[in-house]
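If you count the sequence shown from 1, position 224 lands on 221 in this note's numbering, and the numbers rise without skipping.
Here is the structure we will look at.
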Amino acid sequence: MSTISHTTPIGVNGIGRIGKLMAWALTHRAEQESIAISTGREVGAGIKDLAAYLEYDSTYGNYAKFYWGANPKKRVEIRDKTLYLNGVKVIWLNDPKYRVAGEIPWADHGVELVFDTTGKATDPTITEPKGLRGHLAHSKKVVLTAPFKIKNKGALMPDDAVTVVGGVNIHAYDPDKHAIISNASCTTNCCAPPIKALVDHFGDKLLSFAITTVHAATNSQSTLDTVPTAGSKDTRKNRSTFNNMIPTSTGAANAVLEVIPEIRTLGIGSQASSIRVPTNTGSIVVMDVSIMGEYDDAYMHGIMRSYSEKYPEVMRYSDESLVSADIIGSTHSTVYDAPFTHRRTSKRGSEYFTMFDLNFWYDNEYGYVCSLLRLYDHMTGRG
Ligand SMILES: NC(=O)c1ccc[n+]([C@@H]2O[C@H](COP(=O)([O-])OP(=O)(O)OC[C@H]3O[C@@H](n4cnc5c(N)ncnc54)[C@H](OP(=O)(O)O)[C@@H]3O)[C@@H](O)[C@H]2O)c1
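Written as structure tokens, this is what we have:
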């Protein structure tokens, strides 16, 4: 069986928001002696600037404080020109040729599993070294921290690729078969578990669901207005992040169909959209659901409570009055906001149906990284 050991060094390609926090989360647990990170380029004036970037964070404070509380001992150190996070050696791959995945010498550092967090290689069908599959030249498996995007519309999903979401279909991952694994998006990790709970509970009585994520800003947006690149499809992303609510598309509806195929077979309607807002992290999925029959809030709370008890690391049931800042640092993929549930039952002829407005919070950065960690635990047989 092609299982990866949880003590084997892990590779992280790209250290933007998700890659940096992945390096934090992996070294915090300190199970490996080393991890390898590829920036595919130099950073500032060298290793000191890399260390400072990894130590301090405008959203989460700093590495040591985030995990070990006030006045912690220093956990980011440079010894003999080598960087250590919490005593774990960080092998830094900065050669510009490593921007091509197939050129990164992962195996030389004992890496068997790579997390690709660049957002630049998302197509599992591409065989050129620069694509996601390129990592497999020097490692056994690669996890994409985003949904797959197949550019050639006629191409089929390769047999060795799979999309998994914790609390939904994580067991779809077959260690003997799958080498390229997508952990879907943060929004899919937030909305798929409660949708799975609803589909399992109501079956074809669930008529439809529509989700809107009110999503924090990401680096794919523009600080101030910028000129759209040639062929740009979503020019709203070129508008200033600071002072706008920016409607944009999300692949969440498609990804949910992929991980919960019953939605298609039962003929349940689905739709998703996204509005980017000027916060640094902390997002909410607003989910409108139509169900045949008459139900009250307590009935819905019961469904969500039992799902959160079944998957306590994935879903949290909250009866607090949360706002987005309260969710920063949350390790859950999804937090059900019970008090913000709204519902109305209507009658058409002799039939009743109930429309619910349900709300789920998520830390789109750290919460998502924790879902990657749970996937990693599953793949290494630790979780
Ligand atoms: N942010 C979120 O809330 C979130 C949540 C879930 C999933 N995701 C997904 O995770 C991925 C990363 O998102 P992010 O927010 O972390 O983006 P980000 O902050 O822009 O980070 C991406 C990093 O990858 C680096 N990079 C690009 N190409 C590279 C290459 N060939 N080799 C090495 N490094 C490379 C970039 O650095 P350079 O300056 O060198 O190009 C950048 O630092 C995206 O697919 C995104 O959709 C994001």
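Note that CB positions come from ideal geometry on N, CA and C, so glycine has one too.
All values reported here derive from a predicted model rather than from experimental measurement.
Tell me whether Ala143, by its Cβ, gets closer than 6 angstroms to a heavy atom of ligand 1. Ala143 Cβ: within cutoff of ligand 1.
Does the segment 245 to 262 touch the segment 177 to 186, meaning 3 or more C-beta pairs lie closer than 8 angstroms? Segments in contact, yes.
Among Val165, Thr351, Asp173, Tyr57, the one whose alpha carbon lies nearest that of Cys187: Nearest to Cys187 by alpha-carbon distance, out of Val165, Thr351, Asp173, Tyr57, is Val165.
Euclidean distance between Cα positions of Arg313 and Pro190: Answer to the nearest angstrom: the Cα atoms are 11 angstroms apart.
In the segment 188 to 213, which residue ranges form an unbroken beta strand (DSSP E) of at least 3 residues, counting only runs that do not cross its ends? The segment 188 to 213 contains these whole beta strand (DSSP E) runs: 203 to 213.
Spatial neighbours of Met19 within its chain, please: CB distance less than 7 angstroms, with the 5 preceding and 5 following residues excluded, ordered by chain position. If we look at Met19 and ignore the five residues flanking it on each side, its Cβ neighbours are Val9, Phe112, Thr114, Val366, Leu369.
Any heavy atom of ligand 1 closer than 6 angstroms to the beta-carbon of Gly13? True, at least one ligand heavy atom lies under 6 angstroms from that Cβ.
Alpha helix (DSSP H) containing Asn251: first to last residue? Start and end: 249 to 256.
First and last residue of the alpha helix (DSSP H) that includes Arg26? Run containing Arg26: 14 to 26, per the alpha helix (DSSP H) assignment.
Closer than 6 angstroms: is that where the CB of Thr328 sits relative to any heavy atom of ligand 1? It does not: the Cβ of Thr328 is nowhere closer than 6 angstroms to a heavy atom of ligand 1.
Is it true that the CB of Phe350 sits closer than 7 angstroms to the CB of Ser287? Yes, they are a contact pair.
Could you check the C-alpha separation between Trp21 and Ala27 for me, to the nearest Å? Straight through space, the alpha carbons of Ala27 and Trp21 are spaced by roughly 10 angstroms.
Can you confirm whether the segment 265 to 277 touches the segment 235 to 245 when touching is taken to mean that 3 or more C-beta pairs between the two stretches lie within less than 8 angstroms? In short, these stretches touch, since the Cβ pair count reaches three.
To the nearest angstrom, how far is it from the Cα of Pro102 to the Cα of Val320? Pro102 and Val320: Cα-Cα distance of roughly 44 angstroms.
Just to confirm the assignment, what range does the beta strand (DSSP E) spanning His381 have? Here the chain comprises residues numbered -2 to 380, so residue 381 is not present and cannot be evaluated.
Sequence-distant residues of its chain with Cβ nearer than 7 angstroms to Pro336 (five each side left out): Within the same chain, Asp316, Ser318 come within 7 angstroms of Pro336 by CB-CB distance, once the 5 residues on both sides are set aside.
Relative to ligand 1, is the shortest distance from any of its heavy atoms to the C-beta of Arg345 smaller than 6 angstroms? It does not: the Cβ of Arg345 is nowhere closer than 6 angstroms to a heavy atom of ligand 1.
Answer yes or no: do Pro6 and Val140 have a C-beta to C-beta separation smaller than 7 angstroms? Not a contact, by the Cβ cut-off of 7 angstroms.
I believe Asp360 touches Ile325 by the beta-carbon criterion, under 8 angstroms. Please report the beta-carbon distance rounded to the nearest angstrom. About 6 angstroms separates the Cβ atoms of Asp360 and Ile325, confirming a contact at the 8 angstroms cut-off.
Environment of Val311 [buried if 16+ CB atoms lie within 10 Å]: Here Val311 is buried: its Cβ has 16 or more other Cβ atoms, across all protein chains shown, within 10 Å.
Taking just the CA atoms, how far does Ala104 sit from Arg130? Rounded to whole angstroms, Arg130 to Ala104 spans 15 angstroms at the Cα level.
Specify the secondary structure class of Ala98 as computed by DSSP and reduced to three states. The answer is helix: DSSP assigns Ala98 an H, G or I state.
Where does Ala67 fall in DSSP's three states? Note: Ala67 maps to coil in three-state DSSP.
Going by CA-CA distance only, name the one from Gly200, Asp92, Asn83 that's closest to Gly11. Closest by alpha carbon: Asp92.
Just to confirm, are Ile300 and Ala227 a CB contact at a threshold of 7 angstroms? No, the pair does not count as a contact, with Cβ atoms beyond the cut-off.
Contact check, Met352 vs Arg345, beta carbons under 7 angstroms: Not in contact: Met352 and Arg345 (Cβ atoms no closer than 7 angstroms).
Going straight from the alpha carbon of Thr210 to that of Val274, what length do you get? So the alpha carbons of these two residues sit roughly 10 angstroms apart.
Alpha carbon to alpha carbon, how far is His135 from Val196? Give it in angstroms, no decimals. If you take the alpha carbons of Val196 and His135, they lie about 40 angstroms apart.
May I ask you to report which of helix, strand or coil DSSP gives Pro93? In this structure, Pro93 counts as helix in the three-state DSSP scheme.
Is Lys94 close to ligand 1? I mean its beta-carbon at under 6 angstroms from any heavy atom of the ligand. Short note on Lys94: C-beta not closer than 6 angstroms to any heavy atom of ligand 1.
Length of the line joining the Cα atoms of Ser237 and Lys148: Rounded to whole angstroms, Ser237 to Lys148 spans 28 angstroms at the Cα level.
Beta-carbon separation of Val73 and Tyr57 under 7 angstroms? Taking a C-beta distance under 7 angstroms as the contact criterion, Val73 and Tyr57 do not qualify as a contact pair.
Measuring CA to CA, which of Thr328, Gly378, Ser343 is closest to Phe63? Comparing Cα positions, the closest option is Thr328.
Closer than 6 angstroms to a non-hydrogen atom of ligand 1 - does that hold for the CB of Gly424? With the chain represented from -2 up to 380, any question about residue 424 goes unanswered, as that position is not in the structure.
If you reduce the DSSP assignment to three classes, tell me which class Asp231 lands in. Secondary structure at Asp231: coil, using DSSP grouped into helix, strand and coil.
With a threshold of 7 angstroms on Cβ separation, who are the neighbours of Gly84 within its own chain once the five nearest residues in sequence on each side are excluded? Contacts found: Ala27.
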